[in-house]
Structure formats: C-alpha cells, structure tokens
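Note that our numbering has the sequence shown beginning at 340, numbered continuously upward. Take a look at the structure below.
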Amino acid sequence: MTAPAILAEDLVKTFGDVEALKGVSFDVPTGTVLGLLGPNGAGKTTVVRILTTLLRPDRGRAEVLGVDVTEDPMGTRMSIGLAGQNAAVDENLSGRENLRLVGRLTHLPSAEIKRRSDALLEQFDLTRAEHRLVRTYSGGMRRRIDLAAALVHRPPVLFLDEPTSGLDPRSRTDLWGTIEALVDDGTTVLLTTQYLEEADRLADRIVVIDHGAVIADGTATELKGRLGSTVIEVGFGDPTNVARASEQLAPLGAISTEGHQLRLSVTDGAVAMLATVRVLDAAHLEPLTLALREPTLDDVFLSLTGHAAEEPTPGEDADATPAPGRRGRRTRTAGAGR
Numbered sequence: 340m341t342a343p344a345i346l347a348e349d350l351v352k353t354f355g356d357v358e359a360l361k362g363v364s365f366d367v368p369t370g371t372v373l374g375l376l377g378p379n380g381a382g383k384t385t386v387v388r389i390l391t392t393l394l395r396p397d398r399g400r401a402e403v404l405g406v407d408v409t410e411d412p413m414g415t416r417m418s419i420g421l422a423g424q425n426a427a428v429d430e431n432l433s434g435r436e437n438l439r440l441v442g443r444l445t446h447l448p449s450a451e452i453k454r455r456s457d458a459l460l461e462q463f464d465l466t467r468a469e470h471r472l473v474r475t476y477s478g479g480m481r482r483r484i485d486l487a488a489a490l491v492h493r494p495p496v497l498f499l500d501e502p503t504s505g506l507d508p509r510s511r512t513d514l515w516g517t518i519e520a521l522v523d524d525g526t527t528v529l530l531t532t533q534y535l536e537e538a539d540r541l542a543d544r545i546v547v548i549d550h551g552a553v554i555a556d557g558t559a560t561e562l563k564g565r566l567g568s569t570v571i572e573v574g575f576g577d578p579t580n581v582a583r584a585s586e587q588l589a590p591l592g593a594i595s596t597e598g599h600q601l602r603l604s605v606t607d608g609a610v611a612m613l614a615t616v617r618v619l620d621a622a623h624l625e626p627l628t629l630a631l632r633e634p635t636l637d638d639v640f641l642s643l644t645g646h647a648a649e650e651p652t653p654g655e656d657a658d659a660t661p662a663p664g665r666r667g668r669r670t671r672t673a674g675a676g677r
C-alpha cells in the first residue's frame with residue numbers, strides 16, 4: 340500500500356489553558372487535495388504549522404512524504420511549499436526579486452532561478468508587475484506572488500492556509516484555477532478554508548474540524564448525503580415562530596436553525612415540501628420565505644456543529660497559535676535554505 344503524502348496521527352497541541360488540537364488524525368494521498376474545513380479558532384492553522392515544522396506537537400505523529408517532521412525538519416522543508424493567510428514575501432522587494440531570493444535560499448542554480456522566475460511570473464500573470472515593489476500590489480496580486488514564491492523550488496507537497504481569505508470573488512476564482520492546474524501536474528495539496536464553496540470545488544476529500552477535533556471526514560458528496568437529498572428552507576419574521584415550526588416539522592426530517600431561518604433536510608423533496616406547507620398551515624404559522632434546494636456544505640457544517648462556518652475577519656489569525664516571527668515566515672515559503 341502506497342504511503343500517504345501527508346500524515347497526521349493523534350496530534351495534540353495546547354497553549355496555556357487553550358487546547359488547540361485534541362487528537363487530530365487524517366492522511367492525504369499523493370496527488371490529491373484535502374480540504375481542512377472549519378471556522379476561526381477551529382485548529383486548522385495549528386495543524387498546518389505542525390506539518391510545516393513551525394510548531395512541535397505535544398503528542399502525536401506528523402509526516403510528509405514519509406519523513407517525520409519533528410525528527411527531520413530541514414528535510415521536510417525542502418519538499419514542501421506554504422502559502423498562508425498573509426503574504427510572506429518582502430514588500431520592499433519587487434516580485435521578481437522575491438522569487439530570486441527564495442531560489443537562493445533553496446540553493447537553486449542561478450540559471451534555474453531565472454527559468455523558474457520567468458515561468459512563475461507568467462503563470463501567475465505578474466510579468467507586467469515583476470519590477471514593481473510588492474507593497475504596490477493589490478491583495479490578489481500579493482496572494483499570487485506569495486503562492487509563486489512557495490513554488491520556486493518545485494515542492495511536491497503544498498500547504499495553503501486560507502489562501503483566498505479576503506480576496507474579491509474574481510481573484511478567488513482565478514486562484515482556484517491556479518490551484519487546480521497545480522494538482523493536475525501532480526502536486527499534493529492540503530487546503531485550509533472557511534469558504535464552503537472553495538472546499539466543494541477543490542477538495543477530493545474534506546475533513547471538518549471544530550474546537551480542535553475532527554468531527555467529519557469524507558467527500559463533499561458523502562458529507563452532503565448525510566443530510567438527505569434535498570433541503571427545505573423556511574424563513575420567519577418572528578424568531579419565536581422558528582422554535583414552534585421546529586417542533587411541528589421534526590417528524591419530517593433533520594432540522595437545524597439559525598436566526599430567523601429553519602432548514603429541514605429530507606429524502607423526498609417534493610412530497611416533504613407539500614407536507615411542510617400542510618403542517619405550517621395547520622399550526623397557523625405563515626413563513627416569509629419557503630424554498631427547496633440541494634444541500635450544500637454549509638448545511639453539513641451547520642448540522643455537525645450547530646453553527647455556520649464564519650467568514651474570516653481580515654487580519655485575524657485563524658487559531659490561538661502565536662504567529663511565527665519573520666524568520667519563520669520566510670522559512671515556510673523558501674524551504675530549508677538557511
């Protein structure tokens with residue numbers, strides 16, 4: 340049996356009184372994408388920092404390409420790339436100068452540095468801005484140059500820690516296309532995200548993590564299948580009616596609520612929709628909205644955790660983990676070139 344490209348086994352990490360990880364385990368087969376899905380504070384970034392040698396676990400085992408990351412951190416860094424929530428490139432250098440610096444740190448020959456820089460600047464549509472200082476780049480351009488820097492030394496394993504957080508929809512979609520192209524070329528990717536659409540589109544498998552523990556593991560289709568084939572959404576003007584409607588509709592399927600809205604997961608959408616209307620009418624409950632749709636990963640997360648996956652807050656770290664210093668941030672994109 341082929342060993343996984345990434346292995347996390349019973350990872351535990353605490354920071355003072357905060358138990359960031361409570362025995363997290365998963366693996367990522369070579370050439371696939373694992374989506375690590377969860378809200379702020381779930382433990383996603385802590386997992387990534389352990390797997391990329393920036394943190395040591397209190398307990399458990401972490402391997403990349405069969406190498407124990409705690410026993411051989413330098414060897415691990417040579418085979419990985421990391422692009423995080425905030426660009427780790429030097430704002431006072433140009434885009435090309437940043438790529439050249441990373442190439443030197445990873446001991447690439449000068450000719451190879453130039454070839455890789457040329458190719459990556461073209462691939463990420465940065466050729467026209469290659470001589471501009473990075474501090475003049477837009478948010479989307481910074482994310483692209485950060486990802487390009489992580490790829491200079493051709494790492495077979497790539498860690499993306501909420502790479503599209505804060506990007507506008509167009510920039511996010513463009514970056515998704517770039518990630519898909521990398522995977523098509525054989526790169527193994529671990530992607531942490533709060534965007535459910537992102538995990539649905541990119542990930543071959545999804546691990547849902549909340550409060551430092553894995554609460555679900557499967558493909559997007561498998562996770563959605565846990566909710567039934569369809570979802571009925573009922574919206575009310577008065578939140579007290581949500582509680583009343585929940586009691587009345589409970590026999591029809593699995594129910595989750597959020598604010599003024601109720602979600603009913605069912606296996607026979609058309610029949611259940613008619614039954615829902617009859618039940619609400621008999622209970623004299625008049626909804627403001629009533630809709631029938633296919634389930635999404637948002638429904639899955641809400642049903643598993645009791646709360647929605649939160650939108651990221653710009654500039655806010657996703658976990659309780661202390662942010663690494665500048666040297667650690669450079670190391671994560673440059674490999675083990677020190």
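Quick reminder that beta carbons are idealized off the backbone N, C-alpha and C, glycines included. The structure presented is a predicted model; accordingly, all values stated were derived computationally and were not measured.
Give the secondary structure of D349 by DSSP, where H, G and I count as helix, E and B as strand, and everything else as coil.
strand
Which runs of the beta strand (DSSP E) fall wholly inside the region 378-438 and span at least 3 residues, in chain order?
398-403 and 419-422
Suppose the cutoff is 8 Å on Cβ atoms and the five residues either side in sequence are ignored; what does the same chain contact list for G370 look like?
A344, V522, G525, T526 and T527
Indicate whether the contact test is met: 3 or more Cβ pairs, each with one atom in the region 536-556 and one in the region 392-405, closer than 8 Å.
no
Let me know the secondary structure DSSP gives Q587 once reduced to three states.
Helix, per DSSP.
State yes or no: is the C-beta of L591 within less than 8 Å of the C-beta of V605?
yes
Taking 8 Å as the cut-off, does the region 503-511 touch the region 475-484 (at least 3 CB pairs, one atom from each stretch)?
Yes, since at least three Cβ pairs between the region 475-484 and the region 503-511 fall closer than 8 Å, the two stretches touch.
What does the Cβ neighbour count give for H470, buried or exposed, with the cut at 16 atoms within 10 Å?
The residue is exposed, with fewer than 16 neighbouring Cβ atoms inside 10 Å.
For E358, collect the residues of the same chain with a Cβ closer than 7 Å to its Cβ; drop the 5 residues on either side in sequence, then sort them by chain order.
G551
Is it true that the region 360-379 meets the region 537-545, where meeting means three or more beta-carbon pairs spaced less than 8 Å apart?
In short, these stretches touch, since the Cβ pair count reaches three.
Out of A342, L566 and F463, which has the shortest C-alpha to C-alpha gap to T512?
F463
By the 10 Å Cβ neighbour count, where 16 or more other Cβ atoms means buried, how is S433 classified, buried or exposed?
Under this definition S433 is a buried residue.
Excluding sequence positions up to five away, which residues of its chain have a Cβ less than 6 Å from the Cβ of T300?
Nothing can be reported for residue 300, as the shown portion of the chain is limited to 340 through 677.
Starting from F336, trace the alpha helix (DSSP H) in both directions and tell me its first and last residue.
There is no way to answer for residue 336, as the model of the chain reaches only from 340 to 677.
Do G365 and A347 have their C-beta atoms within less than 8 Å of each other?
It is worth fixing the name first, because residue 365 is Phe in this sequence and not Gly. Yes, Cβ-Cβ distance for F365 and A347 is below 8 Å.
Please classify P448 as buried or exposed, where buried requires at least 16 neighbouring CB atoms within 10 angstroms.
Exposed is the call here.
Hey, out of L421, T531 and I554, whose CA is closest to G362's CA?
Closest by alpha carbon: I554.
Count the C-beta pairs between the region 403-419 and the region 559-572 that are closer than 8 Å, then say yes if the count reaches three, no if not.
no
Using the three-state DSSP reduction, which class does D539 fall into: helix, strand or coil?
Look at D539 here: in three-state DSSP terms it is helix.
Alpha carbon to alpha carbon, what distance is there between A584 and L624?
7 Å
Using three-state DSSP, classify S568 as helix, strand or coil.
coil
How far does the alpha helix (DSSP H) with R482 in it reach, from first residue to last?
G478 to A489
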